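What follows is a set of notes on a single structure, which appears directly below.
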Amino acid sequence: MSVLAVISTLLLLAVVMAVVSRPLLSARTPDEPRTPERAELEAEREAKYREIRDAELDYRTGKLSHEDYEAVNGALRAEAVVILDQLQEDQAASPPK
Amino acid sequence: MAQFGGACLILALGVCAYGIGASIYGVRTGRPEFSESGRRSVYALAGILTVAFAVLELAFLRNDFSFNTVADTSSATTPTFYKAAAVWSSQEGSLLLWAWLLSLWSTLVLFLTRKRMRDVSSYATAILLGFGGFFIALMVFYANPFATTDPAPAEGVGLDPLLRHPSMMIHPPMLYSGYTLCIVPLAFGMGALLARKVDAEWIKATRRFAMAAWLFLGIGIMLGARWSYSELGWGGYWGWDAVENASLMPWLCATAFIHSLMIQEKRGMLKVWNVSLVLATGTLAIMGTFLVRSGILSSIHAFGGATLGVPFVVLIGVLILSSIYLVSSRREMLRSEHRLDSLLSRESIFLANNLVLVGLCFVIFWGTYFPLISEALTGHEASVGPPWFDRYTVPLALILVLLSGIGPVIAWRRATFANARRNFVIPLSVALSTLVVLLAAGVADGKPLALAMFCCAAFVMGSVGQEYWRGVRVRRAMAGEPAPLALVALVKRNRRRYGGYVVHIGIAVLFVGVAASSSFQHASELSLSPGQSTKVGAYTVRYVRPTAAVTPKYDPVHTGSTLSLGAVLNVSKHGKHVATLTPAEDFYDSGEPAQGSVGHLIGGQPVSQVSMDGGITRDVWSAIAPNIDTPRLKRIVEIGNKTLPIVRPDEGMIAVAVLAREYLKSPPPAEFHLIVSPLVMWIWVGGMIVAGGALIALWPAPSAVRARVGVRARSRRAARGLARA
Amino acid sequence: MSPARKRRVRLVVALSAAVILASALIYTSFSAASPTVTPSQLVHEAVVGRTYQLTGKVQSGSVRHEVQTLYFSVQDRAGETAVPLSYTGTVPDPFREGREVIVTVEKRGDGYVGERNSLITKCPSKYTVAPSKTKIY
Chain V
1269 MSVLAVISTL LLLAVVMAVV SRPLLSARTP DEPRTPERAE LEAEREAKYR EIRDAELDYR
1329 TGKLSHEDYE AVNGALRAEA VVILDQLQED QAASPPK
Chain B
3 MAQFGGACLI LALGVCAYGI GASIYGVRTG RPEFSESGRR SVYALAGILT VAFAVLELAF
63 LRNDFSFNTV ADTSSATTPT FYKAAAVWSS QEGSLLLWAW LLSLWSTLVL FLTRKRMRDV
123 SSYATAILLG FGGFFIALMV FYANPFATTD PAPAEGVGLD PLLRHPSMMI HPPMLYSGYT
183 LCIVPLAFGM GALLARKVDA EWIKATRRFA MAAWLFLGIG IMLGARWSYS ELGWGGYWGW
243 DAVENASLMP WLCATAFIHS LMIQEKRGML KVWNVSLVLA TGTLAIMGTF LVRSGILSSI
303 HAFGGATLGV PFVVLIGVLI LSSIYLVSSR REMLRSEHRL DSLLSRESIF LANNLVLVGL
363 CFVIFWGTYF PLISEALTGH EASVGPPWFD RYTVPLALIL VLLSGIGPVI AWRRATFANA
423 RRNFVIPLSV ALSTLVVLLA AGVADGKPLA LAMFCCAAFV MGSVGQEYWR GVRVRRAMAG
483 EPAPLALVAL VKRNRRRYGG YVVHIGIAVL FVGVAASSSF QHASELSLSP GQSTKVGAYT
543 VRYVRPTAAV TPKYDPVHTG STLSLGAVLN VSKHGKHVAT LTPAEDFYDS GEPAQGSVGH
603 LIGGQPVSQV SMDGGITRDV WSAIAPNIDT PRLKRIVEIG NKTLPIVRPD EGMIAVAVLA
663 REYLKSPPPA EFHLIVSPLV MWIWVGGMIV AGGALIALWP APSAVRARVG VRARSRRAAR
723 GLARA
Chain D
5 MSPARKRRVR LVVALSAAVI LASALIYTSF SAASPTVTPS QLVHEAVVGR TYQLTGKVQS
65 GSVRHEVQTL YFSVQDRAGE TAVPLSYTGT VPDPFREGRE VIVTVEKRGD GYVGERNSLI
125 TKCPSKYTVA PSKTKIY
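Sequence order for the protein chains is V, B and D. One gets the working numbering by counting positions in the first sequence from 1 and adding 1268 to each. One gets the working numbering by counting positions in the second sequence from 1 and adding 2 to each. One gets the working numbering by counting positions in the third sequence from 1 and adding 4 to each.
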């Protein structure tokens, strides 16, 4: 191997090792802004909100009768309330930093 | 430099091994710093492979023929543009491209999800690094792009002229981007199963990657079809070739997945189906990659020897077995939370669409791998041809297009039957009027399937048009905006829905193009002498005169070809001039002294230069195969071979010029391939509409919208809380 | 019928339909397929009237262009038997002596006729793999 190749390789190796070992060497723990459960609940909440909007759009563009819309909307909002309650419990248990 | 490149690969392999270990250790022992280190290994891998790729590119651009790959696929006289592309025209280079692209996408995805889904992404990191490591190991042990020969040859073999086309620059990277992007959802799917977290977070993350994979793969497929049509002297865009099919199958599964994922998002159903689909998409992508380079199936792209086949078969076997194991061992957790509320719901239409798409995939899979299947089952290898594929895919495609028009009109969860019935009036009228008009015009006589497709497409246009119309009306009622602003706002606030509608329009347009161009094509293959004309469909094509061009000196850097013989064709309809076409055949230097000092200059593989006039209603396509083997022309070459020394190619070129002049003076009849294809342009336009719609759907929604909904929902909740009390 | 029962019935119906369609597909594929043969296999097995997918190399010196017909012979990769045939239709650009081809042929009388436009020439192998270890440095 030529000298240049050896030096370049060693340099690259050094950079790689620096990048890869940084989390192991630094004392601080990586940020944990949310517990996995909270992240999951937030994702569910977002999905539920989207469903509520979709249902409203379905109704306004004439795909649902008024009665059916009220039924679906009510069911969706009830499901949303469940998620929001769970989120509130989770937030009370471990407040975000 | 080659040594440095080779060292990079070994370093990369080490990084993969470390990253896999660190990620798995981090997730199993709950030590996030190790997971973080594992994720950073992916970043490091991307860096290393970028360096390695740069080294290889530089070698090509600098004509470093000590690199075996460079000597095998490039030459000093290859135009620079194609030198850069030649990197991935070889086995070794394409493996490096694949691994590099995989590392780039993995870096992007892991960076975007760095604060979420810790467990899942740790496993996904390990799996992605596993794939990267596999491809790097293939390079290190089987097909090293940095292998060298000492002493280096003075000149390379050169890039196959067939590949010298701009599409060939873009098609492999685009297709590989699609394939490697399919690996990302697979990794996250397996990760989710391993971490036992197949849930809303996973859905949210996976959806975007899957759509991106779908988009890139689709573009790659379209580019391949377009290249085949406009460059190859065959005049077709799809031949049900094994390699074409191999790229279509993961795309079909990805399409199914994008739809069925929405069902899981809304109803918590189809979890097993979804993870299976995402695993199948990734596995099919690997199988597609493998097919191109294994030669196990007879196909137009039969690259590679059996040496590389064994590792791939092992990988695919591992993928299939581990997928089956993971899904069955997690089936408790994958139980559906709900059932279908009603058959008349968008969910149920999506289910139907999934069945059709998977059915299509199965048909294509069966037909593509039939030689292997029949060999295994009967001991004799047999293959099925395009007619068999057409017979089964066409009806399924019809149903698919029809469903894509029904879906937009049906509500989620449970549609009101009376409303649905009313909503079908306009789309059905559009379809029926189209039917009546086409029948009356006698356009679609004798082609019931094409007629059916036109009507289905019209149905889709009517359905989606109605949706847009109504949506704009709702928006105007709510916000009082003028129509154009309302349209923009509507799409911005409901990107998924309205972007998806655009995709459906694009698909309908595309299928109209396919149906028209395959059912109503007029093709003609015949010999013409100058002055003669022929009729193709409604057009008259006259061979006006021959053309010839010779590069002035032996200096192929600019065009690459030494001699180009062609024709000027006059295309007219009902006496009116429509277009002038100039198809030609380019001849190249073969570099083989055995062909003689003049013979080798034009003895290389010729490339057909297609000439066509594209229009909204039809394409007129032409190709020529001029006859350079007439006794007269052959004598010129023979005399040149005998009298001119091979070491003076400039003098050889003079002989070629003499040949060209002789060809012009007394041109022999030439073979022409002429095609008039209606609505081919609709295929490319449809493809672009699909891509546009996908981009709309992919684009993240403005965060203001999310916040607005949040506020409203919270206040409603408060109200409901009061009501309950 | 209870909703659960209805769902089960639907599932059974859907599955049966899928199985029937798949069986139809599989069954017709065997009858619609043409066997892939090498020249030596073709010479042994060929039956008049059946089509075969002939794969092999274009024999050097066997190519002859007539007005609208191309005559050439396909030989085994190992080079034992060569089958002469006549072919009309599109000739792909990469076609030349020594290249690997696939062509659908039918035995007519004593000779073989290539099906129109069925000639496929494999792209010249760019992906060759060096089986032995190559020195890196």
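Idealized CB from N, CA, C, for every residue including glycine. Owing to the predicted nature of the structure, the values given are computational and were not obtained by experimental measurement.
Open item on the list: Is the separation between the beta-carbon of residue 41/D and that of residue 56/D shorter than 7 Å?
Closed with: yes
Task: Burial state of residue 83/B, where buried means 16 or more other Cβ atoms lie within 10 Å - done: exposed
- [ ] Flag residue 384/B as yes if its beta-carbon sits less than 7 Å from any beta-carbon of chain D, otherwise no.
- [x] yes
Open item on the list: Below 8 Å, how does it come out for the segment 247-256 of chain B and the segment 221-238 of chain B: are there three or more Cβ pairs, yes or no?
Closed with: yes
Task: Residue closest to residue 62/D, alpha-carbon to alpha-carbon, out of 50/D, 85/D and 52/D - done: 85/D
Task: Candidates 510/B, 72/B and 35/B, of which the one nearest residue 462/B by Cα - done: 510/B
Open item on the list: Along the chain, where does the beta strand (DSSP E) containing residue 48/D start, and where does it finish?
Closed with: Careful: residue 48/D lies outside any beta strand (DSSP E), inside the alpha helix (DSSP H) at 43-49.
Task: Given 8 Å, three or more beta-carbon pairs between the segment 400-416 of chain B and the segment 1331-1345 of chain V - done: yes
Open item on the list: Please report whether the beta-carbon of residue 63/D lies at a distance below 7 Å from any beta-carbon of chain B.
Closed with: no
Open item on the list: Do residue 654/B and residue 603/B have their beta-carbon atoms positioned less than 7 Å apart in this structure?
Closed with: yes
Task: Helix, strand or coil at residue 730/B [DSSP, three-state] - done: Because chain B here runs from 3 to 727, residue 730/B falls outside it and cannot be looked at.
Task: Contact set between the segment 598-628 of chain B and chain D, restricted to residues whose Cβ is under 8 Å from the partner - done: 607, 608, 609, 610 and 627
Open item on the list: For residue 136/B and residue 178/B, what's the separation of their Cα atoms in angstroms?
Closed with: 16 Å
TODO: Identify, in the order they occur along the chain, each residue of the same chain with its Cβ nearer than 6 Å to the Cβ of residue 284/B, setting aside the five sequence neighbours on each side.
DONE: 184, 185 and 188
Task: Residues from the segment 472-486 of chain B in contact with chain V, defined by Cβ distance under 7 Å - done: 472, 473 and 476
Open item on the list: Is it buried or exposed, residue 447/B, if we count other Cβ atoms within 10 angstroms and call 16 or more buried?
Closed with: exposed
TODO: Can you tell me which of 700/B, 48/B, 96/B and 460/B puts its alpha carbon nearest to the alpha carbon of residue 433/B?
DONE: 460/B
Open item on the list: Quick check on residue 97/D - is its C-beta less than 7 Å from some C-beta in chain B?
Closed with: yes
Task: the segment 1298-1322 of chain V: positions lying closer than 9 Å to chain B by Cβ - done: 1298, 1299, 1300, 1301, 1302, 1304, 1307, 1308, 1309, 1310, 1311, 1312, 1313, 1314, 1315, 1316, 1317, 1318, 1319, 1320, 1321 and 1322
Open item on the list: For a contact defined as C-beta to C-beta under 7 Å, what are the partners of residue 631/B on chain D?
Closed with: 69
Open item on the list: Beta-carbon within less than 7 Å of residue 53/B's beta-carbon, same chain only, minus the 5 sequence neighbours each way: which residues are those?
Closed with: 10
Task: Alpha-carbon spacing of residue 119/B relative to residue 25/B, whole angstroms - done: 13 Å
Task: residue 611/B (DSSP reduced to helix, strand or coil) - done: strand
Task: Inter-stretch contact (C-beta, 8 Å, three-pair minimum) for the segment 579-589 of chain B and the segment 608-627 of chain B - done: yes
Task: Test item: CB-CB of residue 39/D and residue 87/D under 7 Å - done: no
Task: Alpha-carbon spacing of residue 20/D relative to residue 354/B, whole angstroms - done: 15 Å
Open item on the list: Measuring straight from C-alpha to C-alpha, what distance separates residue 480/B and residue 469/B?
Closed with: 16 Å
Open item on the list: Using a Cβ-Cβ cutoff of 9 Å, what residues of the segment 326-338 of chain B are near chain D? List them in chain order.
Closed with: none
Open item on the list: For a contact defined as C-beta to C-beta under 8 Å, what are the partners of residue 1325/V on chain B?
Closed with: 473, 476, 496 and 499
Task: Through-space distance from residue 401/B to residue 458/B, alpha-carbon basis - done: 9 Å
Task: Contact between the segment 107-115 of chain B and the segment 19-39 of chain B (3+ Cβ pairs under 8 Å) - done: no
Task: Start and end residues, alpha helix (DSSP H) containing residue 529/B - done: Counting along the chain, residue 529/B falls outside any alpha helix (DSSP H), though it belongs to the beta strand (DSSP E) covering 524-530.
Open item on the list: Buried or exposed for residue 576/B, going by 16 or more other Cβ atoms inside 10 Å?
Closed with: exposed
- [ ] Could you check if residue 637/B is buried or exposed, using at least 16 other CB atoms within 10 Å of its CB as the buried criterion?
- [x] exposed
TODO: Kindly indicate if chain B contains any beta-carbon less than 7 Å away from that of residue 148/D.
DONE: No answer is possible for residue 148/D: it lies beyond the span of chain D, which begins at 5 and ends at 141.
- [ ] Would you tell me roughly how many angstroms separate the C-alpha atoms of residue 467/B and residue 1325/V, rounded to the nearest one?
- [x] 16 Å
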